[in-house]
Amino acid sequence: MAQDDRKHRILVVEDEDNIAIALDYIMTREGYDHDRIATGAGAVERIRATHPDLVLLDVMLPEVSGYEICQDVRLDPALSDVKILMMTAQGSAIGRKKGLALGADGFISKPFELKELRDEVRRLLASGANRS
Numbered sequence: 004m005a006q007d008d009r010k011h012r013i014l015v016v017e018d019e020d021n022i023a024i025a026l027d028y029i030m031t032r033e034g035y036d037h038d039r040i041a042t043g044a045g046a047v048e049r050i051r052a053t054h055p056d057l058v059l060l061d062v063m064l065p066e067v068s069g070y071e072i073c074q075d076v077r078l079d080p081a082l083s084d085v086k087i088l089m090m091t092a093q094g095s096a097i098g099r100k101k102g103l104a105l106g107a108d109g110f111i112s113k114p115f116e117l118k119e120l121r122d123e124v125r126r127l128l129a130s131g132a133n134r135s
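Going by my numbering, the sequence shown runs without a break in its numbering and finishes at 135.
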């Protein structure tokens, strides 16, 4: 596998263990440096502390919603280069529009195909060099 100077860092914000396990498998297999937080509370602070390249962000989280987290990250100029891929089991067009309007870089519906998620993660990480 071709590697950049460093591994891409990904933070998974997901409260469902079975989905988090699947995401862990994909991220490990792809060679990404990744971590997980299982609740919305503290997610923005973790993003600020670790400054990941990409956040895989569930919409429906305990305590603080993914929409709120996305909005808070986008309001912080120091985090402008952090990519956000929102994930939801609801998959409605309205939810997708809301997430993108709040600044998400992508949106994926659960359950997702592993290849679909992998391709979307690769696309967002590749576009990171082209955006501020």
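Even for Gly, the Cβ is constructed at its ideal location relative to N, Cα and C. Model, not experiment: these values are computed from the prediction.
- Shown here, Met-90 sits in a strand according to DSSP, grouped into three states.
- Sequence-distant partners of Ala-46 (beyond 5 residues in either direction) whose C-beta falls short of 7 Å from its own C-beta, in its chain, are Val-16, Ile-40, Val-67, Ile-72.
- Non-local C-beta neighbours of Glu-119 in its own chain, meaning closer than 8 Å and more than five positions away in sequence, comprise Ile-111, ordered along the chain.
- As for any alpha helix (DSSP H) of minimum length 4 sitting wholly inside the segment 28-115, the runs are 46-53, 69-77, 96-104, ordered along the chain.
- Note on geometry: alpha-carbon atoms of Ser-95 and Arg-121 lie some 21 Å from one another.
- If you draw a 10 Å sphere on the C-beta of Arg-99, you find 16 or more other C-beta atoms in it, and that means buried.
- The alpha-carbon separation between Asp-75 and Asp-27 amounts to approximately 25 Å.
- Of the other Cβ atoms in all chains shown, 16 or more fall within 10 Å of the Cβ of Glu-123; this residue is therefore buried.
- Burial state of Asp-20 is exposed, judged by a 10 Å Cβ sphere holding fewer than 16 other Cβ atoms.
- Residue range 12-16 is occupied by the beta strand (DSSP E) that includes Arg-12.
- For the 9 Å CB-CB criterion, Leu-14 and His-37 form a contact.
- For Arg-125, the enclosing alpha helix (DSSP H) has its first and last residue at 117-130.
- A straight-line Cα-Cα distance of about 13 Å links Gln-93 and Lys-101.
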